[in-house]
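The structure under discussion appears below in the form of C-alpha coordinates.
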(Lines of atoms letter the chains of each structure in order from A; the text may use other names.)
(Lines give C-alpha, C1' and ligand atoms only; values in the text may rest on other atoms or scores of the structure.)
Protein backbone atom coordinates (compact mmCIF):
# COMPACT_ATOMS: atom_id res chain seq x y z
CA UNK A 1 0.00 0.00 0.00
CA UNK A 2 1.48 3.35 -0.98
CA UNK A 3 1.52 6.52 1.10
CA UNK A 4 -1.55 8.01 -0.55
CA UNK A 5 -3.64 4.94 0.28
CA UNK A 6 -2.39 4.86 3.86
CA UNK A 7 -3.26 8.53 4.35
CA UNK A 8 -6.73 7.92 2.93
CA UNK A 9 -7.23 5.16 5.51
CA UNK A 10 -6.29 7.54 8.32
CA UNK A 11 -8.61 10.19 6.85
CA UNK A 12 -11.40 7.62 6.77
CA UNK A 13 -10.78 6.87 10.44
CA UNK A 14 -11.32 10.54 11.33
CA UNK A 15 -14.99 10.13 10.43
CA UNK A 16 -15.33 8.47 13.84
CA UNK A 17 -13.46 11.20 15.70
CA UNK A 18 -16.39 11.83 18.05
CA UNK A 19 -15.39 8.58 19.77
CA UNK A 20 -11.91 9.99 20.46
CA UNK A 21 -12.12 11.75 23.83
CA UNK A 22 -8.50 12.49 24.82
CA UNK A 23 -5.16 13.63 23.47
CA UNK A 24 -3.77 10.14 24.09
CA UNK A 25 -6.58 8.59 22.06
CA UNK A 26 -5.87 11.11 19.28
CA UNK A 27 -2.24 9.98 19.23
CA UNK A 28 -3.19 6.30 19.06
CA UNK A 29 -5.92 6.63 16.45
CA UNK A 30 -4.45 9.26 14.14
CA UNK A 31 -0.85 10.32 14.85
CA UNK A 32 0.87 6.96 15.32
CA UNK A 33 -0.67 5.53 12.12
CA UNK A 34 0.46 8.71 10.33
CA UNK A 35 4.04 8.23 11.52
CA UNK A 36 3.90 4.58 10.45
CA UNK A 37 2.67 5.62 7.00
CA UNK A 38 5.82 7.73 6.68
CA UNK A 39 7.90 4.62 7.34
CA UNK A 40 8.77 5.09 11.00
CA UNK A 41 8.59 2.18 13.43
CA UNK A 42 6.57 3.71 16.27
CA UNK A 43 7.37 0.68 18.44
CA UNK A 44 11.15 0.95 18.08
CA UNK A 45 12.45 2.97 21.06
CA UNK A 46 15.62 3.81 19.14
CA UNK A 47 13.62 5.41 16.33
CA UNK A 48 10.48 6.94 17.88
CA UNK A 49 10.80 8.14 21.47
CA UNK A 50 7.53 8.98 23.21
CA UNK A 51 7.58 11.72 25.86
CA UNK A 52 11.05 12.88 24.88
CA UNK A 53 12.53 15.11 27.60
CA UNK A 54 13.45 18.55 26.28
CA UNK A 55 14.64 20.57 29.27
CA UNK A 56 13.96 24.28 28.94
CA UNK A 57 16.48 26.28 30.95
CA UNK A 58 15.41 26.11 34.57
CA UNK A 59 12.30 24.07 33.67
CA UNK A 60 13.47 20.45 33.87
CA UNK A 61 11.55 17.43 32.73
CA UNK A 62 9.57 19.17 29.97
CA UNK A 63 8.34 16.52 27.55
CA UNK A 64 7.41 16.60 23.91
CA UNK A 65 5.04 13.91 22.71
CA UNK A 66 7.44 12.21 20.27
CA UNK A 67 10.94 12.61 18.95
CA UNK A 68 12.09 10.76 15.86
CA UNK A 69 15.72 9.78 16.13
CA UNK A 70 18.36 9.11 13.51
CA UNK A 71 21.87 8.02 14.42
CA UNK A 72 21.14 8.58 18.11
CA UNK A 73 19.97 12.20 17.73
CA UNK A 74 16.49 13.74 17.55
CA UNK A 75 15.72 14.90 14.02
CA UNK A 76 11.97 15.57 14.24
CA UNK A 77 10.03 16.79 17.28
CA UNK A 78 6.30 16.11 17.34
CA UNK A 79 3.81 17.88 19.56
CA UNK A 80 0.30 16.42 19.54
CA UNK A 81 -2.96 17.89 20.69
CA UNK A 82 -6.49 16.57 21.02
CA UNK A 83 -8.27 16.57 17.65
CA UNK A 84 -10.61 19.31 18.87
CA UNK A 85 -7.75 21.69 19.73
CA UNK A 86 -7.00 24.76 17.63
CA UNK A 87 -3.30 24.48 16.78
CA UNK A 88 -2.79 28.27 16.61
CA UNK A 89 -2.50 28.51 20.38
CA UNK A 90 0.18 25.79 20.59
CA UNK A 91 2.86 26.97 18.13
CA UNK A 92 4.92 28.51 20.95
CA UNK A 93 5.19 25.22 22.80
CA UNK A 94 6.80 23.46 19.83
CA UNK A 95 9.06 26.48 19.27
CA UNK A 96 10.42 26.21 22.82
CA UNK A 97 11.22 22.52 22.44
CA UNK A 98 12.77 23.07 19.01
CA UNK A 99 15.07 25.75 20.39
CA UNK A 100 16.66 23.45 23.00
CA UNK A 101 17.19 20.43 20.75
CA UNK A 102 19.27 19.61 17.70
CA UNK A 103 16.20 18.61 15.69
CA UNK A 104 15.80 20.28 12.32
CA UNK A 105 12.09 19.62 11.89
CA UNK A 106 9.03 20.07 14.05
CA UNK A 107 5.51 18.78 13.61
CA UNK A 108 2.49 20.19 15.38
CA UNK A 109 -0.69 18.18 14.92
CA UNK A 110 -4.10 17.42 16.27
CA UNK A 111 -4.27 14.28 14.15
CA UNK A 112 -6.28 16.03 11.45
CA UNK A 113 -4.23 19.14 10.68
CA UNK A 114 -0.48 18.65 10.29
CA UNK A 115 1.96 21.58 10.40
CA UNK A 116 5.61 21.00 9.52
CA UNK A 117 8.25 23.49 10.62
CA UNK A 118 11.99 23.91 10.13
CA UNK A 119 14.64 26.59 10.49
CA UNK A 120 14.70 27.92 6.92
CA UNK A 121 14.67 31.64 7.89
CA UNK A 122 17.32 31.58 10.64
CA UNK A 123 19.53 28.60 11.57
CA UNK A 124 18.59 26.78 14.80
CA UNK A 125 15.45 28.89 15.25
CA UNK A 126 12.11 27.44 14.29
CA UNK A 127 10.29 29.46 11.64
CA UNK A 128 7.08 31.17 12.73
CA UNK A 129 5.17 29.73 9.79
CA UNK A 130 5.09 26.09 8.73
CA UNK A 131 6.66 25.16 5.41
CA UNK A 132 3.89 22.60 4.90
CA UNK A 133 0.40 22.38 6.33
CA UNK A 134 -2.41 20.04 5.36
CA UNK A 135 -5.66 18.63 6.58
CA UNK A 136 -5.64 14.85 6.22
CA UNK A 137 -9.35 14.81 5.36
CA UNK A 138 -8.72 17.05 2.34
CA UNK A 139 -6.03 15.01 0.58
CA UNK A 140 -6.67 14.68 -3.15
CA UNK A 141 -5.36 12.01 -5.52
CA UNK A 142 -3.17 14.49 -7.37
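Residue numbers (our numbering): 1 to 142. Just so you know, even glycine gets a beta-carbon here, dropped at the ideal spot from N, CA and C.
Of the residues the options, the one placed nearest residue i, counting alpha carbons only
i, options, result
"residue 89", "99, 104, 115", "115"
"residue 63", "127, 78, 73, 69", "78"
"residue 97", "48, 126, 28, 26", "126"
"residue 81", "26, 49, 105, 129", "26"
"residue 139", "128, 117, 113", "113"
"residue 129", "99, 1, 137, 117", "117"
"residue 137", "67, 12, 131, 101", "12"
"residue 107", "67, 100, 141", "67"
Beta-carbon proximity of residue i to residue j, cut-off 9 angstroms
i, j, result
"residue 92", "residue 31", "no"
"residue 47", "residue 40", "yes"
"residue 15", "residue 29", "no"
"residue 109", "residue 95", "no"
Residue i in three-state terms, based on DSSP
i, result
"residue 33", "helix"
"residue 40", "coil"
"residue 26", "helix"
"residue 17", "helix"
"residue 139", "coil"
"residue 10", "helix"
"residue 129", "coil"
Rounded straight-line distance, which links the Cα of residue j to that of residue i
i, j, result
"residue 133", "residue 124", "21 angstroms"
"residue 8", "residue 119", "29 angstroms"
"residue 6", "residue 38", "9 angstroms"
"residue 103", "residue 35", "17 angstroms"
"residue 45", "residue 84", "28 angstroms"
"residue 122", "residue 54", "21 angstroms"
"residue 10", "residue 65", "19 angstroms"
"residue 75", "residue 105", "6 angstroms"
"residue 42", "residue 33", "9 angstroms"
"residue 2", "residue 131", "23 angstroms"
"residue 141", "residue 99", "36 angstroms"
Three or more C-beta pairs below 8 angstroms linking the segment 14-28 and the segment 70-77 | no
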